[in-house]
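See below for the structure under consideration.
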Amino acid sequence: MKRPLSLYLHIPYCVRKCAYCDFLSFSCKGKEEETGLYIRRLNAEIKEAAGRYDDRQVISIFIGGGTPSVIRAEYIAELLDNIRSNYRLETDAEISMEANPGTVDREKLKIYRAAGINRLSIGCQSVNEDELKNLGRIHDFKDFVKTYETARDTGFDNINVDLMAGLPGSDMKKLAKSLRTVAEMDPEHLSVYDLIIEEGTPFCERYGKNTGLLPDEDTDRSMYAMTAGILSEYGFNRYEISNYAKEGYECRHNLVYWERGDYLGLGLNAASCVDETRWKNTSDMRKYLEKNYITEEKESLDIKERRFEAMMLGLRLTKGVNIRDFTERYKADPRELYGEHIGKMKELSLLEDRGGYLRLTEKGLDLADAVIEGFMD
Ligand code: SF4
-12 MKRPLSLYLH IPYCVRKCAY CDFLSFSCKG KEEETGLYIR RLNAEIKEAA
38 GRYDDRQVIS IFIGGGTPSV IRAEYIAELL DNIRSNYRLE TDAEISMEAN
88 PGTVDREKLK IYRAAGINRL SIGCQSVNED ELKNLGRIHD FKDFVKTYET
138 ARDTGFDNIN VDLMAGLPGS DMKKLAKSLR TVAEMDPEHL SVYDLIIEEG
188 TPFCERYGKN TGLLPDEDTD RSMYAMTAGI LSEYGFNRYE ISNYAKEGYE
238 CRHNLVYWER GDYLGLGLNA ASCVDETRWK NTSDMRKYLE KNYITEEKES
288 LDIKERRFEA MMLGLRLTKG VNIRDFTERY KADPRELYGE HIGKMKELSL
338 LEDRGGYLRL TEKGLDLADA VIEGFMD
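Read in this note's numbering, the sequence shown has 85 at position 98, and its numbers run on one by one without any break.
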């Protein structure tokens, strides 16, 4: 088989900005012409890049944003046709797209399905109306249910639902309600990310200094433990710190990031890492539309950075870092390389070395950032 490659396509449009969001996305209101031009440029970039990867087999595609479902569904079909014509796409490649309630209907979903999208990631965030309102989401819970059911009806048999924990005014009861309600709908995958207050967002003004309005650290930790407990009751396996899947439904595309596979990002601000070289596309829409796609210097990762990344990303997975694979790929046994830190973490019962893997314990998963930081030295 040819060497694998994953593709990420960025669609930087949303209906309007959510109050907590710092992703690169803009309101699409009144931007039909710009959107059409953006898709033309993205198609041109896809085609132009293809020549550099004709020795590759595309194993996954992720269309993210922004809200890819806000633009015309035909644009999404065009992008995928373009990829099929110019890249070698594995027959059972995972092709995911993010969709937000309130931006899709049956017609659009049918077009996505016919275009080959086989995994839909729906942003629900919460089932509690007050939380959805506070987050500035454009939809209510009923809209989510309608999107989810229509997606099932139109043939999507691999659905992820995004939820958020640690919301202002939230408590264990509210989060439990979100988890149970969604788990009962029986999606194949659930992502539960903690709210992060990002600089420059309305949430930062509201809560940046009033951290008392957010759940405290202990509650936050209890919320994480409760999440894993509730979701396991419904047959979800926690395979990454914030991700849960039914057996066989782990997200193949995200596993490429966590296992340091090669990925090519296309579109505004999209990040790439191929053959241990990292770069990012411009975040300036004007430049992008003028076809100046890549404006940042390419950065070649040295062996120390590669090893650190492998630990940092690999330990996010509950299975951990495979010691033999690490040793082969990075030419050193991680137990010797990081012996002192690993020893300390083992003593504190945060890390374990079992069955050929180095992995975080339950307690370690709660304190992952602190444990991982120690691999930097
Ligand atoms: S829908 Fe997603 S990308 Fe768009 S503003 Fe909201 S959080 Fe950000």
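Yeah, the Cβ is synthetic: ideal placement off N, Cα and C, and Gly gets one too. The model shown is predicted, which means the values in this text are computed figures rather than measured ones.
- In the three-state DSSP reduction, Arg124 falls in the coil class, being neither helix nor strand.
- No heavy atom of the ligand SF4 is found nearer than 7 angstroms to the CB of Lys160.
- If you look at Arg316, you'll find it in the alpha helix (DSSP H) that goes Ile310 to Tyr317.
- In the structure shown, Glu284 falls within a coil segment according to DSSP collapsed to helix, strand and coil.
- About 7 angstroms separates the beta carbon of Ser108 from that of Asp149, a gap short enough to meet the 8 angstroms contact definition.
- Within the same chain, Asn145, Glu175 and His176 come within 8 angstroms of Tyr236 by CB-CB distance, once the 5 residues on both sides are set aside.
- Each residue's CA atom was taken as its position, placing Asp289 and Thr137 some 47 angstroms apart.
- Within the chosen limit of 7 angstroms, the ligand SF4 does not reach the beta carbon of Lys16 with any heavy atom.
- Straight-line measurement puts the Cα of Leu300 at about 14 angstroms from the Cα of Asp312.
- Annotated three-state conformation of Thr137 is helix, per DSSP.
- The straight-line gap separating the alpha-carbon atoms of Glu360 and Leu242 is approximately 21 angstroms.
- Here Tyr280 has Glu32, Asn268 and Thr269 as same chain residues with Cβ atoms under 7 angstroms from its own Cβ, once five neighbours each way along the sequence are excluded.
- For Ala6, there is no enclosing alpha helix (DSSP H), as DSSP marks it with neither H nor E.
- For the stretch 224 to 257, the full-length alpha helix (DSSP H) segments reaching 4 residues or more read 239 to 245 along the chain.
- Residue environment analysis places Thr198 among the exposed positions, since fewer than 16 neighbouring C-beta atoms fall within 10 angstroms of its C-beta.
- In the same chain as Leu337, and ignoring 5 residues on each side of it, the C-beta atoms closer than 7 angstroms to its own belong to Leu347, Thr348, Lys350, Gly351, Leu354 and Val358, in chain order.
- Pro(-9) has Gln44 as its beta-bridge partners, per DSSP.
- With respect to the 8 angstroms criterion, Lys331 and Asp340 are not classified as neighbours on the basis of their beta carbons.
- Residue ranges of uninterrupted alpha helix (DSSP H) with 4 or more members, entirely inside the stretch 154 to 223 and ordered along the chain, are 159 to 171, 189 to 194 and 204 to 220.
- Just measuring C-alpha positions, the residue of Lys95, Ala102 and Pro88 sitting nearest Leu119 is Pro88.
- For the pair Ser178 and Thr90, the Cα-to-Cα distance works out to about 20 angstroms.
- Of the residues assessed, Leu335 falls on the exposed side of the cut-off, its CB having fewer than 16 other CB atoms within 10 angstroms.
- Tyr344: member of the beta strand (DSSP E) spanning Tyr344 to Leu347, first to last residue.
- Within a 10 Å sphere around the beta-carbon of Pro155 sit 16 or more other beta-carbons, which makes this residue buried.
- Counting the other Cβ atoms within 10 Å of the Cβ of Pro321 gives 16 or more, which makes it buried.
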